[in-house]
Amino acid sequence: MDPSLIRSFAIIAHVDHGKTTLVDKLLTSGGGEAVTDDRVMDSNEFERERGITISSKYTSFQYKGHTLNVVDTPGHADFGGEVERVLGMVDGAVLLVDATEGPLSQTKFVVEKALKRGLKPLVVLNKVDRPSATPGRCGEVESAAFDVFAALGADDEQLDFPVLYASARQGWASGSLPEPEEMPAASGMAPLLDALLAHVPAPEAEVEAPFRFLSVLSERDPYLGRVSTGRIASGRVRVGDAVKVIKHTGEQQAGFKVTRLFKRQGTRTLELEAAVAGDIVSIAGAPAAGVADTICDPAVDAGLPPGQVDPPTLSMVFSPNSSPLAGREGSQLTASKIGDRLRLEASTNVSLRVLPVEGGGGEAFEVQARGELQLGLLIENMRREGFELSVSPPRVVYREEGGVRLEPVEEVVCEVLNEHAGDVIAMLNNRKGEVG
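Each residue of the sequence shown is one higher than the one before, starting from 5 at the first, in the working numbering.
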């Protein structure tokens, strides 16, 4: 494959602004694939139950002779680590903004991460088919998006972002806001797909250099073992090639042979014989490769930079169930099994940390995460797998720098009428907030 014909981009947004629905329509319009199920990328059981994206996923499709790799990302702040790590394997981003709600808290977070990566996002105002998405309101949302970019230090090229208007649910996008009576006849997703080809750059791929691949997503397959997904930074790889793993700590692992190569296309998984720099693929056969590790040619001495992920903010202590009713509902009861399960989770989730509890005798584990929702989903998942647990109340993770204790700081933006401003300021002052 010619790397100049590859376009890789992520879809980023605040929670519930329509990212996964947009991916469905892109697969239908660009790939010509009939997507019969809503939110086809949300395959996880909890994602279906809660209606939110929890883990990042990628797929690809063909459009006008190009391969478009699209990454669907979570919108909830607790899963921000998923967004941070996948931005390293794309060259562009689509910022989806609700045309009525405008940019919200998580919008600022994902835009900041994209700008730090040097990406130049396209802005798509979604849900413009709603009666509340008037031309005046859409203009206000465009201005608010520009203000977010400017406040986060975007350069001139990043500030010169194209704006499109879309209804992901109805399956159309447009370069200008159509009149309400014209929306049902809008021309599908072609305007957005054409904008992606024009605005997202091709990967800077060194095809003739030694093979290097950064693992961004990692999962265990019951038949293939560990499967690592990421973008090939340089070189080529074929099934049967001898490669090695360099951990993100710099430690070099024993070599192995690539047993399988895969690529997602639409809702299918295609098996490959070879892949080249610039493309996003999955590699099977590396028993020791985790997230942020480098798989490379044996001649390579240094791994690829893994990128920075914001640290955890909350922690809970997990230990075996010691109540009189222990063993009534579950089968996984021992501390060793709980510890193994938590370490397996941490090996695939870069925003999660598992630490032994001092004085716990190996029976208790401190799990640090980004928020209550992330911890709650982990607990519920383990419960369904047959684990019985005792968990502590969540507590804030403190940091110390220069002997001074620090704690997470939350920025709050309140939009209220003038007559209520005094009450809001008083409430913030009571919580030791600094009003700016």
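All C-beta atoms, glycine included, are put in the ideal place defined by N, C-alpha and C.
Looking at the strands, I want to know which residues DSSP matches up with residue i.
i, result
"residue 300", "216 and 248"
"residue 70", "67"
"residue 443", "The displayed coordinates of the chain run from 5 to 440. Any statement about residue 443 would go beyond what the structure contains."
"residue 319", "372 and 399"
"residue 394", "323"
"residue 283", "Per DSSP, none; premise fails for residue 283."
"residue 229", "225"
"residue 210", "238"
"residue 273", "268"
"residue 102", "130"
"residue 11", "72"
"residue 61", "76"
"residue 378", "None, per the DSSP bridge assignment."
What did DSSP end up calling residue i once you bin it into helix, strand or coil?
i, result
"residue 440", "coil"
"residue 108", "coil"
"residue 129", "strand"
"residue 408", "strand"
"residue 170", "strand"
"residue 2", "The shown model of the chain, from 5 to 440, leaves out residue 2, and the question about it has no answer."
"residue 165", "coil"
"residue 347", "helix"
"residue 335", "coil"
"residue 97", "strand"
"residue 261", "strand"
"residue 151", "helix"
"residue 121", "coil"
"residue 178", "strand"
"residue 46", "Residue confidence is low: residue 46 scores 43 on pLDDT, short of 50, so the model does not pin down where it sits. Its coordinate-derived value is still stated next. It is coil, neither helix nor strand."
"residue 40", "Residue placement at residue 40 is flagged as unreliable, the pLDDT there being 48, under the threshold of 50; the coordinate-derived value follows with that caveat. The answer is coil: DSSP assigns residue 40 none of H, G, I, E or B."
"residue 278", "strand"
"residue 430", "helix"
"residue 312", "coil"
"residue 17", "strand"
"residue 288", "strand"
"residue 423", "helix"
"residue 24", "helix"
Below 8 Å on the Cβ atoms is my contact criterion, and I expect residue i with residue j to pass it. Report the Cβ-Cβ distance as a whole number of Å.
i, j, result
"residue 301", "residue 239", "6 Å"
"residue 90", "residue 14", "6 Å"
"residue 93", "residue 383", "Wrong, their Cβ atoms sit about 30 Å apart, outside the cutoff."
"residue 428", "residue 420", "6 Å"
"residue 64", "residue 267", "7 Å"
"residue 371", "residue 346", "6 Å"
"residue 275", "residue 334", "38 Å between Cβ atoms; not a contact."
"residue 103", "residue 129", "4 Å"
"residue 241", "residue 215", "5 Å"
"residue 88", "residue 117", "6 Å"
"residue 203", "residue 124", "7 Å"
Of the residues the options, which one's Cα is nearest the Cα of residue i?
i, options, result
"residue 373", "10, 390, 108 and 359", "359"
"residue 138", "105, 381, 338 and 340", "105"
"residue 218", "150, 229 and 307", "307"
"residue 210", "159, 280, 270 and 147", "280"
"residue 259", "63, 269 and 245", "245"
"residue 474", "214, 95 and 296", "Any question about residue 474 goes unanswered here, given that the chain covers just 5 to 440."
"residue 375", "356, 432 and 126", "356"
"residue 32", "269, 17, 88 and 432", "269"
"residue 436", "228, 97, 414 and 29", "414"
"residue 442", "26, 184 and 297", "Given a span of 5 to 440 for the chain in the structure shown, any question on residue 442 remains unanswerable."
"residue 343", "432, 378, 365 and 332", "365"
"residue 193", "277, 273 and 169", "169"
"residue 73", "103, 282, 140 and 126", "282"
"residue 316", "213, 273 and 377", "377"
"residue 149", "134, 182 and 100", "100"
"residue 77", "17, 67 and 115", "17"
"residue 30", "6, 8, 7 and 62", "62"
"residue 213", "310, 303 and 167", "303"
When you compare the CB of residue i with every CB in chain C, is at least one pair closer than 9 Å?
i, result
"residue 314", "In the structure shown, chain C cannot be found, because there is only a single protein chain."
Are three or more beta carbon pairs between the segment 241-260 and the segment 192-211 nearer than 8 Å? no
Are there three or more Cβ pairs, one per stretch, closer than 8 Å when the segment 319-338 is compared with the segment 397-409? yes
Does the count of Cβ pairs from the segment 17-34 and the segment 159-179 closer than 8 Å reach three? yes
Per the contact definition of three or more C-beta pairs closer than 8 Å, is the segment 282-290 in contact with the segment 228-244? yes
Using 8 Å as the threshold, is the segment 407-414 in touch with the segment 346-366, meaning 3 or more CB pairs across them? no
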